Amino acid sequence: MSREPDALARIRDVVGERGWIDDPAEAEPHLVEWRGLWHGRARAIVRPASTDEVARVVRICAEAGIPIVPQAGNTSLCGGSVPDEDGRAVVLSVSRLNRVRDVDALDYTMTVEAGCVLADVQRTAAEADRLFPLSLAAEGSCEIGGNLSTNAGGVHVLRYGSARDLVLGLEVVLPDGRVWDGLRRLRKDNTGYALREIFLGAEGTLGVITAAVLKLFPRPRSRWVALAAVRDVPAALELLARARAATGDAVSSFELIPRIALDYVLAHIPGTSDPLAQRHDVYVLVELDATDESDRGLGERGEAWLEGGVAAGLVLDAAVAESEAQIEALWKLRESISEAQKGEGASIKHDVAVPVSRVPEFLAEATRRVEAEWPGLRVVAFGHLGDGSIHFNLSVPKGGDDRAFLAHWDQFARVVHDVVVSMDGSIAAEHGIGRLKRDDLAHYKSATEIDLMRTIKRALDPKGIMNPGRVL
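The numbering of the sequence shown is our numbering, which starts it at 127 and goes up by one.
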């Protein structure tokens, strides 16, 4: 501990005045989890401006035994990107590492630094007439380093995969300050272990991702979007299978929206309106895209799919977007659900996944069990039906006490996760483990899996300074 003041002075020299934050007001946004569940303290917030500066900071911390909390956009929902309350750690923000190092349209790759905002990555790809398909509600503020560290999912996993599927290479500062340069653009490389996979989804516990080679795709020239009211969740699942077959697998998103979620959005999000004249219990938001210039063929396939769904009694009504503005309006209904929930009081959230075919069974069983635990609570289950990832959220009963409800978070988590695991699912579909689900991970993972994870952690971070207490 006696070496820490000197170490902090050396770190300050490395990052300079622009890279050093110890003013409480300026540091505050880096210390609070997005939902306010955790509020930590730190010796300082450091913002290196290059990979070399990151490496030098990490090396100093390793020598002095100072814990490091890597942080990107700090939009994590599991407490993985904010420090503990003891104030021992240094928060290492990558926000100044925000250069696009290279765009190769012929190679369909882009090399970016970890602090690039996701929306800017998408925009840069579009300027090169390419698509970077990772898309989520926080894309205007989340940073790519955090997306990769948590293996973010989003609305296009069905067609393009999650974050780890969109990466060819990484640059990582290891816990001892060494830099692993794995920024390769190869599609095929069988020279031993795929080291990048170790760091993708590791939540900063094994090193600091400083740059990545991302996969790009042909930019869609046409989109077809519809909001369809469906008979029930099993009908939605049947419609998904039909859509993939009838459109040549042009489905890029297939989102499940219950009526309660739509009601929340209409009540709390300005500028929204119900696209359909009558109320229905279950909806799906469907997006098709194609890379050809004309949307006629895509639209015809979409309309034929809808008509087939109506004829089969699966679709009750639908609204098809006729313009880009209408597309954005329909997507706003889906993307505003989490924000709208705040207007209904406290909510307990579960980010889970089960095999796609078991989503209806999961929703029915998990709903039955949580309602038995707390009569009157409101289940708000929505999300990515196309890949089996569901946000199974619980709103406090109307007029209920927020604090008393939130005090039962662990109780509800165990109930929901028991159902998930019984169906061969995952307790963390796209938000990670962080601090929130650390104990649940230990409970549900096999002893062999936990031992393998701990072996990797000890090998790469023997001093345990990288994001301690997160994941493991």
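For glycine and all other residues, C-beta sits at the position ideal for the given N, C-alpha and C. Values in this document were obtained by computation on a predicted structure and should not be read as measured data.
From the DSSP output, in three-state form, read off residue i for me.
i, result
"LYS583", "helix"
"HIS165", "strand"
"TRP457", "helix"
"ARG311", "coil"
"ALA472", "coil"
"ALA320", "coil"
"TRP350", "strand"
"VAL208", "coil"
"HIS517", "strand"
"GLY271", "helix"
"THR373", "coil"
"ARG249", "helix"
"ALA361", "helix"
"VAL480", "coil"
"LEU260", "coil"
"VAL597", "coil"
"ARG225", "coil"
"GLU575", "helix"
"VAL335", "Going by the sequence as given, residue 335 is Ile instead of Val. If DSSP states are grouped into helix, strand and coil, ILE335 belongs with the strands."
"ALA507", "strand"
"ASP75", "Because the chain spans 127 through 598 in this model, residue 75 falls outside it and cannot be assessed."
"VAL281", "coil"
Excluding five sequence neighbours on each side, which residues of the same chain lie with their C-beta closer than 7 Å to the C-beta of residue i?
i, result
"PRO401", "LEU353, ALA445, LEU456"
"ILE386", "ARG504, VAL506"
"CYS242", "ASN224, VAL226, GLU269, ILE270"
"CYS204", "HIS557, GLY558, ILE559, GLY560, ARG561, LEU562, LYS563"
"GLU152", "none"
"VAL183", "ILE137, VAL140, VAL141, VAL172, PRO174, LEU218"
"ILE324", "LEU332, ILE582"
"GLU329", "GLY206, SER275, THR276, GLY558, ILE559, GLY560, ASN593, ARG596, VAL597"
"ALA554", "ASP477, LYS563"
"ARG347", "ALA416, THR417, ASP418, GLU419"
"ALA492", "PHE518, VAL542, VAL545"
So, at 8 Å on beta carbons, what are the nonlocal neighbours of residue i in its own chain, with the 5 sequence-adjacent residues on each side left out?
i, result
"GLU297", "THR177, VAL305, TRP306, ASP307, GLY308, LEU309, ILE335, THR336, ALA337, ALA338"
"GLY502", "PRO523, LYS524, GLY526"
"ASP302", "VAL184, ARG185, ALA188"
With a threshold of 6 Å on Cβ separation, who are the neighbours of residue i within its own chain once the five nearest residues in sequence on each side are excluded?
i, result
"ALA447", "VAL351, ILE453, LEU456"
"PRO193", "ARG214, ALA215, ILE591, PRO594"
"ASP228", "THR237"
"TRP535", "ILE474"
Tell me the DSSP bridge mates of residue i?
i, result
"LYS639", "The structure shown has nothing for residue 639, since the chain only spans 127 to 598."
"PRO196", "LEU218"
"TRP306", "VAL298"
"PRO147", "First, the residue type needs correcting, since residue 147 is Ile and not Pro in the sequence shown. ILE147 pairs with ILE171."
"LEU326", "Beta-bridge pairing links LEU326 to no other residue."
"GLU381", "LEU411"
"ALA355", "TYR409, ASP443"
"VAL180", "Paired residues: none, contrary to the question."
"VAL293", "LEU340"
"ASP230", "THR235"
"VAL158", "HIS165"
"VAL243", "GLU269"
Where does residue i land, buried or exposed, given buried means 16+ other C-beta within 10 angstroms?
i, result
"PRO209", "buried"
"LEU414", "buried"
"GLU265", "buried"
"SER219", "buried"
"ARG580", "exposed"
"GLN404", "exposed"
"HIS282", "buried"
"ALA240", "buried"
"HIS156", "buried"
"MET127", "Residue placement at MET127 is flagged as unreliable, the pLDDT there being 43, under the threshold of 50; a coordinate-derived value is accordingly withheld."
"ALA273", "The residue you asked about is not Ala; residue 273 is Asn in the sequence shown. Answer is buried; the Cβ neighbour count reaches 16."
"GLN537", "exposed"
"HIS517", "buried"
"SER483", "exposed"
"GLU154", "exposed"
"ASN71", "Outside the modelled stretch of the chain, which goes from 127 to 598, sits residue 71, for which no answer is possible."
"LYS475", "buried"
"GLY435", "buried"
"HIS510", "buried"
"SER548", "exposed"
"ASP565", "exposed"
Taking only heavy atoms of the ligand ADP into account, decide whether any of them is closer than 7 Å to the Cβ of residue i.
i, result
"ALA133", "Of ligands this structure carries none, so the ligand ADP is not represented either."
Q) Which runs of the beta strand (DSSP E), 3 residues or longer, sit entirely within the stretch 391-453? A) 408-416, 441-446
(Q) Ignoring anything shorter than 3 residues, give me the beta strand (DSSP E) runs that lie fully in the stretch 511-572, in order along the chain. (A) Counting whole runs of 3 or more residues, the stretch 511-572 contains the beta strand (DSSP E) stretches 515-521.
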